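Asker:
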Amino acid sequence: MSVFASLVENLADLLQPLFGASATAAAIILFTMCVRLAVHPLSRAAARGQKARTRLAPRLAELRKKHAKNPERLQKAVMELHREEKVSPLAGCLPSLLQAPAFFLMFHLFSSGRMAGHSLFAAPLGDHYADALADGGAFGPAGLVYLVLFAIVAAVATYNYRRARRQPLAVPADPAQPGAGVTAAMGRYLPLLSFATLLSVAAVPLAAALYIVTSTTWTAVERAFLYRDMPAAGALVTPA
Numbered sequence: 054m055s056v057f058a059s060l061v062e063n064l065a066d067l068l069q070p071l072f073g074a075s076a077t078a079a080a081i082i083l084f085t086m087c088v089r090l091a092v093h094p095l096s097r098a099a100a101r102g103q104k105a106r107t108r109l110a111p112r113l114a115e116l117r118k119k120h121a122k123n124p125e126r127l128q129k130a131v132m133e134l135h136r137e138e139k140v141s142p143l144a145g146c147l148p149s150l151l152q153a154p155a156f157f158l159m160f161h162l163f164s165s166g167r168m169a170g171h172s173l174f175a176a177p178l179g180d181h182y183a184d185a186l187a188d189g190g191a192f193g194p195a196g197l198v199y200l201v202l203f204a205i206v207a208a209v210a211t212y213n214y215r216r217a218r219r220q221p222l223a224v225p226a227d228p229a230q231p232g233a234g235v236t237a238a239m240g241r242y243l244p245l246l247s248f249a250t251l252l253s254v255a256a257v258p259l260a261a262a263l264y265i266v267t268s269t270t271w272t273a274v275e276r277a278f279l280y281r282d283m284p285a286a287g288a289l290v291t292p293a
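For the sequence shown, the working numbering begins at 54 and goes up steadily by one.
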């Protein structure tokens, strides 16, 4: 924790001439971008895996149909296909897993009060949205900082939702298979989870909220670039 605190403080010192009292907030944003840049190669690998799974969707549908009455054989055949095509089902989880330690460090660092006194304009980095509401209300000096963050998150969530609705599932559900309805429902409603970020921003300290907002925005831009050639929903050719 002390090493992490020193890193943020050193970044803040470097940014002090440019950002003044908000230098620590700027350091958090810069730190977040460095974390995301470090895991970008894994994000590229995850994108390649997603595209490969989408490309393999018709073959997976054939396997589900062929081994519908033998789940063990189906699982083995799917694993063999992934191994043959060098596709990892877990590749998409790695970028998020590697970011988690940085987020929790940010959360605990400012929750502990160790870096008290730092702020983003009128909003202390260790405070929560509830503190801003108690000190001036939603349109007070601190409340306005949160309103800007909420607006950014809402815009990014709306973009993510629309983009997710346009893209197909990596493995389209076969209506004849058990659980297909659950899979289809998840495909419809999972994109709505993007809006849950609004609750996260309101619940965590402002420092952690800055990390969330910066990382979420980076993700939206990154995915727009990495998945720009993904087919639209309904464009997959399924076997007859």
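Using N, Cα and C, we set each Cβ at its ideal position, and we do this for glycine too. None of the values given here were measured: they were computed from a predicted structure.
1. Alpha helix (DSSP H) containing Tyr264: first to last residue?
2. Can you give, in chain order, each stretch of the beta strand (DSSP E) that sits fully within the region 158–210 and has at least 3 residues?
3. Which term fits Leu252, buried or exposed, when burial requires 16 or more other beta carbons within 10 angstroms of its beta carbon?
4. Mapping DSSP to helix, strand and coil, what is Asp282?
5. May I ask you to report which of helix, strand or coil DSSP gives His120?
6. In or out: Pro258 buried (at least 16 other Cβ within 10 Å) or exposed?
7. Got a sec? Which residues, its chain only, sit under 7 Å from Phe160 by beta carbon, not counting five neighbours each side?
8. Output the distance between the C-alpha atoms of Leu67 and Ala210, rounded to the nearest integer angstrom.
9. Which class does Asn63 belong to by DSSP, given the choice of helix, strand or coil?
10. Helix, strand or coil for Val92 per DSSP?
11. With a 10 Å radius around its C-beta and 16 neighbouring C-beta atoms as the bar for buried, classify Asp180 as buried or exposed.
12. For a cutoff of 9 Å on Cβ pairs, would you count Leu64 as touching chain B?
13. For the 8 Å Cβ check, are there 3 or more pairs between the region 92–99 and the region 111–127?
14. In chain order, what residues of the same chain have a beta carbon less than 7 Å from the beta carbon of Thr269, not counting five sequence neighbours either side?
15. Return the CA-CA distance between Leu71 and Leu246, expressed in angstroms with no decimal places.
16. Below 8 Å on the Cβ atoms is my contact criterion, and I expect Leu162 with His171 to pass it. Report the Cβ-Cβ distance as a whole number of Å.
17. Report the option in Arg136, Ile265 and Gly189 whose CA atom is closest to the CA atom of Phe300.
18. Of the residues Val88, Ala191 and Ala98, which one's Cα is nearest the Cα of Ala153?
Answerer: Straight from the coordinates:
1. The residue given as residue 264 occupies position 211 in the sequence shown. Here the alpha helix (DSSP H) through Tyr264 covers Leu259 to Leu279.
2. none
3. Stepping through the sequence shown from its first residue, residue 252 is reached at position 199. Exposed, by the Cβ-count rule.
4. The count along the sequence shown starts at 1 and reaches residue 282 at position 229. Three-state DSSP puts Asp282 in coil, outside helix and strand.
5. Taking the first residue of the sequence shown as position 1, residue 120 is located at position 67. Coil at His120, not helix or strand.
6. Residue numbering aside, residue 258 sits at position 205 when the sequence shown is read from its first letter. Pro258 is buried by the Cβ-count criterion.
7. One-based indexing of the sequence shown puts residue 160 at position 107. Answer for Phe160: Val257, Pro258 and Ala261, listed in chain order.
8. On the sequence shown, position 14 is the one that residue 67 refers to. On the sequence shown, position 157 is the one that residue 210 refers to. Approximately 32 Å between the Cα atoms of the pair.
9. Translated into positions along the sequence shown, residue 63 becomes position 10. Helix, per DSSP.
10. As a working note, residue 92 is residue 39 in the sequence shown. Three-state DSSP puts Val92 in coil, outside helix and strand.
11. In the sequence shown, the residue the question calls residue 180 occupies position 127. With 16 or more Cβ atoms within 10 Å of its Cβ, Asp180 is classed as buried.
12. Absence of chain B from the displayed structure is noted, only one protein chain being present.
13. no
14. Along the sequence shown, read from residue 1 onward, the residue named residue 269 stands at position 216. Answer for Thr269: Val206, Val209 and Thr250, listed in chain order.
15. One-based indexing of the sequence shown puts residue 71 at position 18. One-based indexing of the sequence shown puts residue 246 at position 193. Cα-Cα distance, rounded: 36 Å.
16. Counting from 1 along the sequence shown, the entry for residue 162 is found at position 109. Counting from 1 along the sequence shown, the entry for residue 171 is found at position 118. Wrong, their Cβ atoms sit about 10 Å apart, outside the cutoff.
17. Lying outside 54 to 293, the shown extent of the chain, residue 300 is not represented and no answer is given.
18. For this step, residue 153 is matched to residue 100 along the sequence shown. Comparing Cα positions, the closest option is Val88.
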